[in-house]
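Note that the protein sequences, when read in sequence, are chains A and B. Start counting at 1 in the first sequence, then tack on 98, and there's your number in my numbering. Start counting at 1 in the second sequence, then tack on 98, and there's your number in my numbering. For glycine and all other residues, C-beta sits at the position ideal for the given N, C-alpha and C. This report refers to the structure that appears directly beneath it.
Number of protein chains: 2
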Amino acid sequence: MEAPSRTGQSAGTRGAQPIRVCPDFHAAVELIGRRWAGAILWTLEAGPLFFAEIGEAVPGLSDRLLSRRLRELEEAGLVTRTVHGGTPPRVSYELTDMGVELQPAIRELGDWAKRWNVS
Amino acid sequence: MEAPSRTGQSAGTRGAQPIRVCPDFHAAVELIGRRWAGAILWTLEAGPLFFAEIGEAVPGLSDRLLSRRLRELEEAGLVTRTVHGGTPPRVSYELTDMGVELQPAIRELGDWAKRWNVS
Chain A
99 MEAPSRTGQS AGTRGAQPIR VCPDFHAAVE LIGRRWAGAI LWTLEAGPLF
149 FAEIGEAVPG LSDRLLSRRL RELEEAGLVT RTVHGGTPPR VSYELTDMGV
199 ELQPAIRELG DWAKRWNVS
Chain B
99 MEAPSRTGQS AGTRGAQPIR VCPDFHAAVE LIGRRWAGAI LWTLEAGPLF
149 FAEIGEAVPG LSDRLLSRRL RELEEAGLVT RTVHGGTPPR VSYELTDMGV
199 ELQPAIRELG DWAKRWNVS
């Protein structure tokens, strides 16, 4: 990312370079920042989970919203969905390569959150 | 963060350890995931900015919402606000230590977003 490093200069004197938020970063933070989306991705870090397992891992998240978020994460390319035979069929979810590569950022954020007691 | 490492086991066979999303992580991602909050933090990475400068750096963000988000980020301890004399007085914003320490996570997320062309 081409964010400039901290310069210590005071406001408004940073020079001629106008600052613009990186559109990729902005899209990414809006995606994983959707209510519960980050939490869902967190639960999948260790490997695939069935729908109900994700629900249990994220207290307070309704099945309806979980279902919607999983669909969005699937559309964004972060998660794949596998239907397992049986009655009723069970559905599991797993991170794609793109989702796996997001994990360092999620871990960094989690470390920071613990360090600063954010909750 | 105590997230388990990827095991490659299939869904539902991960063993006795129940997975629970880390509450600190969840709170953090909900905070920086609020619409535009991540983008605002991104612009402050290089140092303090005046209110109008942040607005210019984040196209599409209204002054009203920028003002609200900055207040929330201030309340969360990520940003400090300084009023400069003059007519009219100008207000600048700067990351606190807590906000500065969030930057590695923001950078990771930005790198990932660029690599995967998220926008």
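- Among the CB atoms of chain A, none fall inside 8 angstroms of the CB of L164/B.
- Within chain A, the C-beta atoms nearer than 9 angstroms to that of R118/B come from T141, E154, A155, V156, P157, in chain order.
- Residues of the same chain with a CB within less than 8 angstroms of the CB of H124/B, apart from the 5 flanking positions on each side, do not exist.
- Contact between L142/A and L193/A holds: their C-beta atoms lie close to 5 angstroms from each other, under 8 angstroms.
- Only exposed fits G184/A, as fewer than 16 other CB atoms lie within 10 angstroms of its CB.
- For the set R133/A, P121/A, Q115/A, L147/A, the Cα lying nearest the Cα of T180/A is the one of L147/A.
- For the segment 198-210 of chain B, the residues whose beta carbon sits under 7 angstroms from a beta carbon of chain A are, in order, E199, L200, P202, A203, R205, E206, L207, G208, D209, W210.
- Within the segment 164-193 of chain A, contact with chain B at the beta-carbon level (separation under 7 angstroms) is assigned to S190.
- Within a 10 Å sphere around the beta-carbon of E128/A sit 16 or more other beta-carbons, which makes this residue buried.
- Nearest Cα to N215/B within the set C120/A, E170/A, L168/A: C120/A.
- Listed along the chain, the chain A residues whose CB falls inside 7 angstroms of the CB of S160/B amount to none; the nearest CB is some 15 angstroms away.
- A Cβ-Cβ contact shorter than 8 angstroms links L176/B with L200/B.
- Cβ atoms of W134/A and R167/A come within 8 angstroms of each other, at about 6 angstroms.
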